[in-house]
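Under this note's numbering, think of the first position of the sequence shown as 215, with each following residue one higher.
Here a beta-carbon is modelled for each residue, glycine too, at the ideal position from N, C-alpha and C.
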Amino acid sequence: MPVNDIFGTTIDLLSKNMDLRIKNQAIIAGNLANAETPGFTPSELSFEDELKEAVKGRNVRNGTPSITNPRHIPLRHSKGDIEDIQGRIVDSPARTAGKDGNSVELENEMGRMAQNQIMYNASVQILAMKFDDLKTAVKGGN
C-alpha cells in the first residue's frame, strides 16, 4: 500500500509546501542581496491560495473538481492539482522607494524570511509526526 493511500493528500501537500517555501526563501534572499541595487523592486512567491484551492478539491487552473481518491474516475483537465502548483512571482515593493528607486525594506524582508522559515519548519515537523505515527502503527503500539 503506497504511503499516499494512508495519508491522503497530506504528504503531497506538505512536500509541495516545503518545495515552494524553499523557492520563496531564495527569492527573499535575492531581495536582501539587492538591498543596495538602484531601482530594484523586491518580489515574493505567491502560492498559498493555490494550495488552499487544491486542498478544497478544486482545480486551480480551471475550477473543475479534483481527484481526491485514487478510485475516483478522472475528469478531463483535473490531473495533478497539488504537484502542478508552481506559485507565481509577484512584486512586493515597499510603500516608499529610496532616493535611488530601490524599494527593499530590510526589516520587512527579514520578517518575511523568518515567517517563511517558521512555516517551512512547521511543515517538516508535521511530516515527521505523520511518519512517526506510521512507524508506531507498524510496530504495534509502544
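- request: Can you grab the Cα-Cα spacing for the pair residue 291 / residue 234, in whole Å?
  value: The residue labelled residue 291 in the question sits at position 77 within the sequence shown. The residue labelled residue 234 in the question sits at position 20 within the sequence shown. In this prediction, residue 291 has a pLDDT of 36, which is less than 50 and means its spatial position is unreliable; nothing more can be read from the coordinates.
_Based on DSSP bridge pairs, tell me the residues matched to residue 303._
As a position in the sequence shown, residue 303 is number 89, starting the count at 1. Looking at the DSSP assignment, residue 303 forms a beta bridge with 259.
_Proximity to residue 304 [Cα-Cα], best of 312, 259 and 351_ = Sequence index remark: in the sequence shown, residue 304 carries index 90 (1-based). Closest by alpha carbon: 259.
Apart from the five residues just before and just after residue 275, which ones in its own chain have a Cβ nearer than 7 Å to its Cβ?
Residue numbering aside, residue 275 sits at position 61 when the sequence shown is read from its first letter. Bear in mind that the predicted position of residue 275 carries a pLDDT of just 49, short of 50, making it unreliable; the figure below should be weighed with that in mind. Excluding positions up to five away in sequence, the list is empty.
Q: Just confirm the distance between the C-beta atoms of residue 239 and residue 330, as a whole number of angstroms; I'd bet it's less than 8 Å.
A: Numbered from its first residue, the sequence shown carries residue 239 at position 25. Numbered from its first residue, the sequence shown carries residue 330 at position 116. Between residue 330 and residue 239 the Cβ distance is about 6 Å, and since that is below 8 Å, they are a contact.
*asked:* Three or more C-beta pairs under 8 Å: does that hold for the segment 259 to 271 against the segment 308 to 315?
replied: no
For my contact list, residue 301 and residue 237 are in at a C-beta cut-off of 8 Å; report their separation, rounded to the angstrom. For the purposes of this step, residue 301 is identified with residue 87 of the sequence shown, where counting begins at 1. For the purposes of this step, residue 237 is identified with residue 23 of the sequence shown, where counting begins at 1. That belief holds up - the Cβ atoms of residue 301 and residue 237 are roughly 7 Å apart, short of 8 Å.
C-alpha distance - residue 351 paired with residue 344, whole-angstrom precision
As a first step, residue 351 must be located in the sequence shown, where it is residue number 137. As a first step, residue 344 must be located in the sequence shown, where it is residue number 130. Near 11 Å, if we compare the C-alpha coordinates of residue 344 and residue 351.
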